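Structure first, commentary second.
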Amino acid sequence: MDTSKFSSEIHIFKRVAIVVMIFFIMTLLHYSTLINESDPAVFSITLLGFMLILSFNLGKILSRLKLPKLTIYILTGILCGPYVTGFVSQDVVNNLKFVDNLALSMIAFIAGGEMRFGELKKMSKLLIGISFYETLYVLLFTAIAFFLLHPFISFTAGQTWLFVGIVSLLMGSMLIANSPAVTIGIIGEYHSKGHLTDTVLGTVVLKDIVVIIVFALVASFASTQLLPDATFSPIPFISKLGYEIVGSIGLGLAIGLLVWLYMRFIMEQTVLFIVGIAFASYELAHYFHLEVLLVGVTAGFYVQNFTKQGQKLISNIEESLPVIYPIFFSIAGAKLNLMALQSMWFIALVLVAVRMLGIYMGVKAGSRSDGATKEVRQYAWMGLVSQAGVALGLAVVVERTYPEWGGVLQTIVISVIGINQLIGPVLLKYALEKAGDLHATSKMAETLIRLKIGEDSEQETGIVATETRNG
């Protein structure tokens with residue numbers, strides 16, 4: 058009898074038993090009076106803890122399917138969320154917003170820390186080319202697709218071509234957004250290194266700025282045509298845009314400087330300090346109406362490239378990744394509105410397919426420069442499919458600006474995001490694998506082994522490493 062195979066089966070059986078037990082406990086909590094009697098914040102944190110354990114163990118059980126753990130975390134969030142079991146209600150999701158924000162800020166730190174100035178300088182022409190053409194193609198393709206679909210949408214059917222055209226541009230400007238969080242998550246999970254990894258990461262970070270500019274421009278033009286008293290003035294538009302970008306970079310540099318000073322002269326309880334500074338950076342960005350991701354990316358980029366503490370910063374944050382990723386992506390899954398997808402699935406599927414075509418064509422056009430490898434030209438488009446908070450935030454802006462019909466547009470965007478959120482991580486992992494950027498053992502796995510999270514013996518630690526190499 059194969060002892061290692063038997064040990065692996067026992068290991069999986071224990072994970073299944075834990076999952077069953079957690080489901081039983083969450084079911085009891087869901088139907089008990091504790092929901093009404095307990096403090097909402099305490100109850101939300103309790104459910105988050107159970108969802109974290111559930112995500113971690115389901116990730117282990119389903120690792121043989123070779124799915125990215127991020128996808129499993131998202132599916133766990135969907136399963137526990139308001140639209141399936143209802144274990145995690147919409148109120149609980151709202152109460153967990155501060156945890157979600159903290160995780161997002163730390164993921165942004167990682168993104169900046171993974172970017173080397175020398176590499177970016179070499180790739181600048183390639184990154185600008187891909188970002189420009191991918192933005193152009195996706196904007197045009199999705200806007201045209203929405204325009205052609207307008208007879209099947211309640212608030213655009215029978216409207217003037219001008220109205221439909223402007224709404225179509227608004228839709229296209231929202232769908233150009235990517236998900237830096239998913240990209241960083243997959244790269245972190247597999248400790249991916251290589252030209253494709255650098256290209257995809259650099260593109261999604263650059264696109265985060267591009268999205269702000271394009272959406273602000275389209276939204277300002279749309280308001281002059283759709284709102285009775287609005288007029289387009291370039292000066293307020295440029296000043297607001299400049300404030301957001303320059304202010305975000307300035308705040309990021311200040312936070313980066315603070316991180317460097319702490320890690321240079323104090324270096325005590327570093328992980329706790331980074332958690333605190335990440336939360337503070339989000340709150341400050343929110344208070345001053347700045348871009349959270351740009352603030353975090355700038356801070357991480359500064360520490361990595363202009364100080365000697367860059368690797369220490371990345372190492373300290375990576376120790377918390379096994380906790381950050383299940384939390385962030387489980388909450389992201391719980392946020393997905395399945396009712397929206399049910400009502401708009403046909404339109405959403407068409408827009409997803411057209412958007413993917415636009416990404417593919419845009420990457421092909423933008424990667425014609427000499428700096429693009431064969432792998433980048435073939436697979437980089439797969440790393441740009443995921444969408445998450447940025448697009449959703451833009452949809453909220455549209456819904457508040459145009460309450461008569463913005464809600465329907467928001468529902469369509471949420472449906473598209475939901476599909477892209479599920480298929481994006483899988484496509485990115487496949488692309489990195491085909492390009493040869495994946496290492497045999499991921500950094501996350503090494504961290505788990507070192508910390509022995511969830512493991513109680515050297516034998517089980519060996520099983521984790523084996524499963525990760527196989528997955």
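Quick note, in my numbering, the sequence shown goes up one by one and the last residue is 528. Just so it is clear, CB atoms sit at the ideal spot from N, CA and C, and this is done for glycine as well. The structure presented is a predicted model; accordingly, all values stated were derived computationally and were not measured.
Classify A98: buried if its beta carbon has 16 or more other beta carbons within 10 angstroms, exposed otherwise. As a position in the sequence shown, residue 98 is number 41, starting the count at 1. By the 16-neighbour rule on beta-carbons within 10 angstroms, A98 is exposed.
How far does the alpha helix (DSSP H) with M108 in it extend, from its first residue to its last? The residue labelled residue 108 in the question sits at position 51 within the sequence shown. It spans 97 to 118 - the alpha helix (DSSP H) in which M108 sits, taken as one unbroken run.
Within its chain, find whatever has a CB closer than 7 Å to the CB of G367; leave out the 5 residues flanking it on each side and keep chain order. Counting from one through the sequence shown, the residue named residue 367 turns up at place 310. These residues qualify, in order along the chain: G170, V360, Q361.
Since A492 and E432 are thought to touch, with beta carbons under 8 Å apart, how far apart are those beta carbons, to the nearest angstrom? Here the question's residue 492 lines up with position 435 in the sequence shown. Here the question's residue 432 lines up with position 375 in the sequence shown. The Cβ separation is near 4 Å, so the contact holds.
Burial state of D148 (16 or more Cβ within 10 Å): The residue you call residue 148 lines up with position 91 of the sequence shown. The residue is exposed, with fewer than 16 neighbouring Cβ atoms inside 10 Å.
Taking the Cβ atom as the reference point for each residue, do I371 and I210 lie within a distance shorter than 8 Å? Within the sequence shown, numbered from 1, the residue matching residue 371 stands at position 314. Within the sequence shown, numbered from 1, the residue matching residue 210 stands at position 153. Not in contact: I371 and I210 (Cβ atoms no closer than 8 Å).
When you compare the stretch 265 to 277 with the stretch 227 to 238, are there three or more beta-carbon pairs, one atom per stretch, that lie closer than 8 Å? Contact check between the stretch 265 to 277 and the stretch 227 to 238: three or more CB pairs, one atom from each, fall below 8 Å, which counts as touching.
Report the three-state DSSP secondary structure of N158 (helix, strand or coil). Position 101 of the sequence shown holds residue 158. Helix, per DSSP.
Candidates R72, P139, T240, F100, of which the one nearest N114 by Cα: Along the sequence shown, one-based indexing puts residue 114 at 57. Selection R72, P139, T240, F100 evaluated against N114 yields R72 as nearest (Cα-Cα).
Output the boundary residues of the alpha helix (DSSP H) element that contains M439. Along the sequence shown, one-based indexing puts residue 439 at 382. Boundaries cannot be given for M439, as no alpha helix (DSSP H) includes it and DSSP labels it neither H nor E.
Residue environment, P208, which counts as buried when at least 16 other CB atoms sit within 10 Å: In the sequence shown, residue 208 corresponds to position 151, counting from 1. Exposed: under 16 other Cβ atoms inside 10 Å.
Please confirm whether S424 and R434 have their CB atoms less than 8 Å apart. Taking the first residue of the sequence shown as position 1, residue 424 is located at position 367. Taking the first residue of the sequence shown as position 1, residue 434 is located at position 377. Against a cut-off of 8 Å, the Cβ pair of R434 and S424 comes out as a contact.
Nearest-angstrom beta carbon gap, L161 and V271 [assumed within contact, 8 Å]: Taking the first residue of the sequence shown as 1, we reach residue 271 at position 214. Taking the first residue of the sequence shown as 1, we reach residue 161 at position 104. That pair is no contact at about 22 Å.
Tell me which residues share the same chain as V76 and place their Cβ nearer than 8 Å to its Cβ, disregarding the 5 neighbours each side in the sequence. Locating residue 76 in the sequence shown gives position 19, where the first residue counts as 1. Cβ neighbours of V76 beyond the five flanking positions: L111, N114, L115, I118.
C-beta contact flag for I480 and V442 at 8 Å: Position 423 of the sequence shown, counting from 1, holds the residue named residue 480. Position 385 of the sequence shown, counting from 1, holds the residue named residue 442. Taking 8 Å as the cut-off, the Cβ atoms of I480 and V442 count as close.
Could you check whether the stretch 172 to 186 touches the stretch 127 to 142, counting it as contact only if at least three pairs of C-beta atoms, one from each stretch, sit closer than 8 Å? At 8 Å Cβ cutoff, the stretches do not touch.
Could you check whether the stretch 474 to 490 touches the stretch 239 to 247, counting it as contact only if at least three pairs of C-beta atoms, one from each stretch, sit closer than 8 Å? Segments in contact, yes.
Among the residues of its own chain, which have a CB less than 7 Å from the CB of T254, if the five just before and after it don't count? Within the sequence shown, the letter at position 197 stands for residue 254. If we look at T254 and ignore the five residues flanking it on each side, its Cβ neighbours are I244, L489, D494.
Hey, how far is the Cα of L347 from the Cα of L341? Here residue 347 refers to the residue found at position 290 of the sequence shown. Here residue 341 refers to the residue found at position 284 of the sequence shown. A direct Cα-Cα distance of roughly 8 Å separates L347 from L341.
What's the call for G229, buried or exposed, on a 16-neighbour Cβ count within 10 Å? Numbered from its first residue, the sequence shown carries residue 229 at position 172. Counting the other CB atoms within 10 Å of its CB gives G229 a total of 16 or more, which places it among the buried residues.
To test your reading of the DSSP string, which unbroken alpha helix (DSSP H) runs of 4 or more residues are found completely within the stretch 368 to 415? Along the stretch 368 to 415, the alpha helix (DSSP H) occurs as fully enclosed runs of 4 or more residues at 378 to 392, listed in sequence order.
Checking 8 Å against the spacing of the C-beta atoms, do R412 and T199 come in under that value? In the sequence shown, residue 412 corresponds to position 355, counting from 1. In the sequence shown, residue 199 corresponds to position 142, counting from 1. Yes.
Nearest-angstrom beta carbon gap, Y130 and F386 [assumed within contact, 8 Å]: Position 329 of the sequence shown, counting from 1, holds the residue named residue 386. Position 73 of the sequence shown, counting from 1, holds the residue named residue 130. 4 Å between Cβ atoms; contact.
Return helix, strand or coil for K249, following the three-state DSSP convention. Along the sequence shown, read from residue 1 onward, the residue named residue 249 stands at position 192. Going by the sequence as given, residue 249 is Ser instead of Lys. Secondary structure of S249 (DSSP, three-state): coil.
Could you name the residues of the same chain whose beta carbon sits closer than 8 Å to that of A214, not counting the 5 residues immediately before and after it, in chain order? On the sequence shown, residue 214 is found 157 positions in, with the first residue counted as 1. Hits under 8 Å: H207, P208.
At which residues does the alpha helix (DSSP H) containing G475 begin and terminate? Position 418 of the sequence shown, counted from the start, is the residue given in the question as residue 475. Taken as a continuous stretch (DSSP letters only), the alpha helix (DSSP H) holding G475 covers 463 to 492.
What's the call for H248, buried or exposed, on a 16-neighbour Cβ count within 10 Å? On the sequence shown, residue 248 is found 191 positions in, with the first residue counted as 1. H248 should be labelled buried.
Taking C-beta to C-beta, are A165 and L350 nearer than 8 Å? As a first step, residue 165 must be located in the sequence shown, where it is residue number 108. As a first step, residue 350 must be located in the sequence shown, where it is residue number 293. Going by C-beta atoms, A165 is nearer than 8 Å to L350.
Between the alpha carbons of L408 and F330, how many angstroms are there, rounded? Here residue 408 is taken as the residue at index 351 of the sequence shown, counted from 1. Here residue 330 is taken as the residue at index 273 of the sequence shown, counted from 1. Whole-angstrom Cα-Cα distance: 43 Å.
Could you say which of G450, A445, L451, G309 lies nearest to V261 if we only look at CA atoms? Sequence index remark: in the sequence shown, residue 261 carries index 204 (1-based). In terms of CA proximity to V261, A445 leads the group G450, A445, L451, G309.
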